[in-house]
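Accompanying notes for the structure given below.
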Amino acid sequence: MKRVITCFCVLLTALSLVACSKEAPVQQPEPTAVVQTTPELSTNLPDNVTPDVINTEKQTKVLIAYFSCSGTTEKLAQYAADILGADVYEIIPETPYTQEDLNYNNSSSRANQEQSDLSARPAISGSVENMEHYNTVLLGYPIWHGKAPRIISTFLESYDFSEKTIVPFCTSHSSGIGSSDTDLHSLCPDTVTWKPGERFSAGTSKESIQKWIDNLNLSPENTVGTFNFETKTVLLNSGYEMPIVGLGTYSLSDEECESSVSALLEAGGRLIDTAYIYHNEAAVGKAVRESGVPRDEIFVTTKLYPNQFANAAEAIDESLERMGVEYIDLMLLHHPGENDVQAYKAMEQAVADGKIRSIGLSNWYVEELTEFLPQVSITPALVQNEIHPYYQENDVIPYIQDLGIVVQGWYPLGGRGHTGELLGDETISGIAAAHGVSSAQVILRWNLQKGVVVIPGSSNPDHIRENLDLFGFSLTEEEMAKMNALDRGEKHDWY
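Quick note on the numbering used here: the sequence shown kicks off at 27 and runs consecutively.
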């Protein structure tokens, strides 16, 4: 895949939302300054790794700044934070608003008096640290008398937003956004880029926030770990883009593998997963070379098996030779084993040498990651684990994603010998019927909406094409909840 040229120091987006209901305002919590942040990636590299090989800047981030009295803004802000993998900052007044302060019908109430005074600037408790790290701010607030609360003016005048993008949005009981967003423009430098504001009601769903964010064109390809459903890719923390749907080649013979990879590439798929232990790297390489598709449009993943760890440098060269390619897009350690840290360091060196573009792990869980990560220099770009509706890893996935690492699922359809049971599950088949798609497509789409890259295995060209066709429908929150309820903690392999 093509190298992402943009610099990670370009930090993405902040989101502040929403609304104080006229009927039932509530008192603010005690003032605190809290910025909920996503963990930073390791940028400790081998001595001879240069920025030309690895992007050493901070990963792109999102800040979600919001002022909320009723909790509506807070809820929508969290939705946006979950979608964008964003940092969150709550704008808390130094003097909290009481219910009487927010009495809409009392002309002498504090909120009404502030809104009548263009110069009013309610003090804010605390501040955003390192505002310079963010280049886009989604700013949310409730509508008060058709305007943004004056505390939003305080916030905007407290920082230098030069060259940043600001996206205002509001919540209200009935009022529209009016001129509340454009009235804020004069409070910031002319170099600020303003996106049109949006108004949301108290009952706005996470799905609606997702659609709104998708339509903002905030360059999601610049946000590490965020799925771009238009390009069907995700940006890895290594600076490379990877397709979010592909083909797994486990157990395929050379002939089957070559035919399957060819079918995938002909159908527009570009992500291929193989491994030394699959004994079909050569077939993958042959299909890639003979496809006519430019090499930089294809993303090839392979893996080192534990019996290769002691001589990983040689194993990497042998893998390149077997596939007949100049570089490997992503190499993983197949699962933990003796000398795994040594093998990972060999992959780090191969990154420095231009032999591998991104590196990661397979079958690593929370305990293993906690022990392993402090011993290496380059944060894994991806962790590949068994994930399907009967084994969902709902504790592991967010842990990995919070580290800025992309999650990929193998056996997404339940694994050989178990696929029939999963595809015949009444819950899954019922959802499939509602959308006019197959059970397999529902399972794969469920994974994507959880932020999990999928590599279903198949040697059937029709199934391969079907498995790529996941972007003409989406699952509702209710359907996602039904899928999530299927978890049995049932692994279909020993890893």
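We put the CB at the ideal spot given by N, CA and C, even for glycine.
In this structure, does DSSP put T98 in helix, strand or coil?
Translated into the one-based positions of the sequence shown, residue 98 becomes position 72. Note: T98 maps to helix in three-state DSSP.
Anyone know if the C-beta pair for L496 and R471 falls short of 8 angstroms?
The residue given as residue 496 occupies position 470 in the sequence shown. The residue given as residue 471 occupies position 445 in the sequence shown. Yes, the pair counts as a contact, with Cβ atoms nearer than the cut-off.
Would you say C196 and P168 are within 8 angstroms of each other, going by their C-beta atoms?
Walking along the sequence shown from the start, residue 196 turns up at place 170. Walking along the sequence shown from the start, residue 168 turns up at place 142. For C196 and P168, yes; Cβs fall inside 8 angstroms.
Taking DSSP as the reference, what is the three-state secondary structure of E412?
Position 386 of the sequence shown holds residue 412. Strand at E412.
If I follow the unbroken beta strand (DSSP E) through A91, where does it start and stop?
Translated into the one-based positions of the sequence shown, residue 91 becomes position 65. That run of the beta strand (DSSP E) goes L89 to Y92.
Report all residues from its chain with a CB closer than 6 angstroms to the CB of Y417; omit the five preceding and five following residues, and keep chain order.
For the purposes of this step, residue 417 is identified with residue 391 of the sequence shown, where counting begins at 1. E516 and K517.
Determine whether the beta carbon atoms of S286 and T300 lie at a separation below 8 angstroms.
Locating residue 286 in the sequence shown gives position 260, counting from the first residue. Locating residue 300 in the sequence shown gives position 274, counting from the first residue. Against a cut-off of 8 angstroms, the Cβ pair of T300 and S286 comes out as no contact.
Taking 8 angstroms as the cut-off, decide whether the C-beta atoms of A228 and V163 are in contact.
The residue given as residue 228 occupies position 202 in the sequence shown. The residue given as residue 163 occupies position 137 in the sequence shown. Contact: no.
Going by other Cβ atoms of all chains shown within 10 Å of its Cβ, with 16 needed for buried, is A459 buried or exposed?
The residue given as residue 459 occupies position 433 in the sequence shown. That one is exposed.
Hey, could you find the ends of the alpha helix (DSSP H) P487 is sitting in?
Along the sequence shown, read from residue 1 onward, the residue named residue 487 stands at position 461. Unbroken alpha helix (DSSP H) run through P487: P487 to L494.
Taking the CB atoms as reference points, tell me whether V409 and V478 lie closer together than 8 angstroms.
Residue numbering aside, residue 409 sits at position 383 when the sequence shown is read from its first letter. Residue numbering aside, residue 478 sits at position 452 when the sequence shown is read from its first letter. In this structure, V478 does not lie closer than 8 angstroms to V409 by Cβ.
Is DSSP giving S545 helix, strand or coil here?
No statement about residue 545 is possible, as the shown extent of the chain runs from 27 to 521 and does not include it.
For I457, which residues in the same chain have their Cβ closer than 6 angstroms to its Cβ, ignoring the five residues on either side in sequence?
Mapped onto the sequence shown, residue 457 falls at position 431. Here the set comprises V468 and E505.
For the beta strand (DSSP E) that S388 lies in, which residues bound it at each end?
Taking the sequence shown and counting its residues from 1, the one referred to as residue 388 is at position 362. S388 -> beta strand (DSSP E) spans I382 to S388.
Given a threshold of 16 other Cβ atoms within 10 Å of its Cβ, counted over all protein chains shown, does A511 qualify as buried or as exposed?
As a working mapping, residue 511 is identified with position 485 in the sequence shown. With fewer than 16 other Cβ atoms within 10 Å, it is exposed.
Under 8 angstroms between C-beta atoms of D355 and V326
The residue you call residue 355 lines up with position 329 of the sequence shown. The residue you call residue 326 lines up with position 300 of the sequence shown. It is a contact, given that the beta carbons lie within the stated cut-off.
What is the DSSP secondary structure of S42, reduced to helix, strand or coil?
For the purposes of this step, residue 42 is identified with residue 16 of the sequence shown, where counting begins at 1. Annotation note: pLDDT 35 at S42 (below 50); position unreliable, coordinate value reported separately. Three-state result, S42: coil.
If you drop the 5 nearest sequence neighbours on each side, which residues of the same chain put their C-beta closer than 7 angstroms to that of Y105?
Residue 105 sits at position 79 when you count from the first residue of the sequence shown. Around Y105: K232 and I235.
Every unbroken alpha helix (DSSP H) within the stretch 226-274, with a cutoff of 4 residues, ordered by chain
232-241
Would you decide whether V392 is buried or exposed? Buried here means 16 or more other CB atoms lie within 10 Å of its CB.
Here residue 392 is taken as the residue at index 366 of the sequence shown, counted from 1. Exposed.
Any contact of the stretch 475-491 with the stretch 387-404, i.e. 3+ C-beta pairs under 8 angstroms?
no
What did DSSP end up calling Q125 once you bin it into helix, strand or coil?
The residue labelled residue 125 in the question sits at position 99 within the sequence shown. The answer is coil: DSSP assigns Q125 none of H, G, I, E or B.
Starting from W436, follow the alpha helix (DSSP H) in both directions and report where the run begins and ends.
Taking the sequence shown and counting its residues from 1, one reaches residue 436 at position 410. Run containing W436: none in the alpha helix (DSSP H); it sits in the beta strand (DSSP E), V432 to W436.
Contacts around G311, its chain only, beta-carbon distance under 7 angstroms, and the 5 residues preceding and following it disregarded:
Here residue 311 is taken as the residue at index 285 of the sequence shown, counted from 1. R348, M349, G350 and V351, listed in sequence order.
Quick one: what's D299 bridged to in DSSP?
For the purposes of this step, residue 299 is taken as residue 273 along the sequence shown, with counting starting at 1. In the DSSP output, where bridge partners are listed per residue, D299 has G274 and T327.
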